[in-house]
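Q: In this text, residue positions in the sequence shown follow the working numbering: the first is 33, and each later residue adds one.
Idealized CB from N, CA, C, for every residue including glycine.
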Amino acid sequence: MYCIIKPESKDPASTHHEENIQETTNSEEMEFGALLLLTLLGLSFGEPGFVQRDYMNTLEWLRAKMEFINNLEDKLKNVDGWQSDVDALEARLNATVDELTRQKAEVDRLNRENQDLRTRLNATEEEIDKLKQSSAKDAPQIAFSACLSNSGEIYSGPSTDKTLVFKRIFVNTGGYDQDTGVFTAPVNGLYYFTFSTYGYNTHIAGAILMKNGVRQISTFDYTSDDSSDIGSNSAVLQLAAGDKVHMELWDNGRVYDNWNGHTTFSGFLVFPV
Numbered sequence: 033m034y035c036i037i038k039p040e041s042k043d044p045a046s047t048h049h050e051e052n053i054q055e056t057t058n059s060e061e062m063e064f065g066a067l068l069l070l071t072l073l074g075l076s077f078g079e080p081g082f083v084q085r086d087y088m089n090t091l092e093w094l095r096a097k098m099e100f101i102n103n104l105e106d107k108l109k110n111v112d113g114w115q116s117d118v119d120a121l122e123a124r125l126n127a128t129v130d131e132l133t134r135q136k137a138e139v140d141r142l143n144r145e146n147q148d149l150r151t152r153l154n155a156t157e158e159e160i161d162k163l164k165q166s167s168a169k170d171a172p173q174i175a176f177s178a179c180l181s182n183s184g185e186i187y188s189g190p191s192t193d194k195t196l197v198f199k200r201i202f203v204n205t206g207g208y209d210q211d212t213g214v215f216t217a218p219v220n221g222l223y224y225f226t227f228s229t230y231g232y233n234t235h236i237a238g239a240i241l242m243k244n245g246v247r248q249i250s251t252f253d254y255t256s257d258d259s260s261d262i263g264s265n266s267a268v269l270q271l272a273a274g275d276k277v278h279m280e281l282w283d284n285g286r287v288y289d290n291w292n293g294h295t296t297f298s299g300f301l302v303f304p305v
């Protein structure tokens with residue numbers, strides 16, 4: 033006796049390839065069933081010619097069909113395995129899409145933060161520029177420059193007042209008194225001072241920069257064989273409002289000036305503090 037093996041029904045979500053195999057299997061089963069029925073009918077009615085001529089051929093055909101159906105079942109099992117692989121790949125693809133979506137959202141957030149920082153930085157730079165401009169406008173403009181002689185030749189020392197009074201004013205925006213030769217700091221700040229002295233070899237040539245009666249820097253040259261000497265020096269001093277700065281001769285010192293402006297005294301505010 034032969035048994036008809038019918039393949040198991042498949043899930044509706046099976047692939048198109050699996051459906052094609054299922055259709056082929058159903059067609060083969062119908063053909064196999066019809067031939068088996070004819071064979072049984074022939075045996076029942078006892079037709080010797082049918083038994084002698086076709087029975088063995090039919091049996092071989094049935095065996096071939098059974099083998100074909102079994103092969104189709106194996107293929108269906110493979111399709112099930114392929115479907116599992118496809119499902120796994122689909123799951124991985126979905127996970128990758130989710131991760132890319134998350135990363136894109138993070139990049140968008142960082143871009144927004146970067147734009148906010150740029151906006152704040154630009155605003156800060158503009159504010160700093162405004163403060164600089166305001167500070168430059170508000171800072172006091174303090175500077176002076178003068179030379180010893182305002183007309184003709186002049187000698188100072190050694191028997192004159194030791195404080196040098198520079199009479200010829202080039203510029204004076206505040207702080208320098210041309211009657212006393214003393215600069216008084218209008219505001220707290222750092223001030224730059226520079227001076228030059230010219231003298232002949234008959235006396236010590238040079239002068240001293242004084243701050244509140246205390247020596248700071250100087251020029252100095254002993255009497256020598258050369259006929260004249262010139263020297264210069266400069267310094268930055270921190271002054272409080274009201275501090276006084278002036279130039280003073282050395283003991284037994286003497287300096288010279290004329291319309292060429294050899295002996296000079298200058299200063300200006302670098303910045304307030």
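#1: Grab the span of the beta strand (DSSP E) containing Tyr224 for me, first residue to last.
#2: Please determine, among Tyr208, Glu145, Tyr187, Glu159, the residue with the shortest C-alpha to C-alpha distance to Ile174.
#3: When we look at the beta-carbon of Ala273 and count the other beta-carbons within 10 Å, is it buried (16 or more) or exposed?
#4: Which value, in whole angstroms, describes the spacing of the CA atoms of Ser177 and Gly263?
#5: Do you know how far the Cα of Leu94 is from the Cα of Ala120?
#6: Which of the three DSSP states is assigned to Ala160 in this structure?
#7: Along the beta strand (DSSP E) that carries Tyr187, what are the first and last residues, could you check?
#8: Excluding sequence positions up to five away, which residues of its chain have a Cβ less than 7 Å from the Cβ of Pro190?
#9: Closest by CA to Lys194, which one among Gly213, Leu142, Met98, Trp114?
#10: Mind checking Asp257: buried by the 16 CB within 10 Å criterion, or exposed?
#11: Taking 8 Å as the limit between beta carbons, can you name the residues of its chain near Val305, skipping five residues before and five after?
#12: Are the Cβ atoms of Thr296 and Ser266 separated by less than 7 Å?
#13: Does DSSP put Leu91 in a helix, a strand or coil?
A: In short, the structure shows the following:
#1: 221-232
#2: Tyr208
#3: exposed
#4: 17 Å
#5: 39 Å
#6: Just to set this straight, residue 160 is Ile in the shown sequence, not Ala. In this structure, Ile160 counts as helix in the three-state DSSP scheme.
#7: 186-188
#8: His235, Asn284, Gly285, Arg286
#9: Gly213
#10: exposed
#11: Asn220, Gly221, Leu222, Gln270
#12: no
#13: helix
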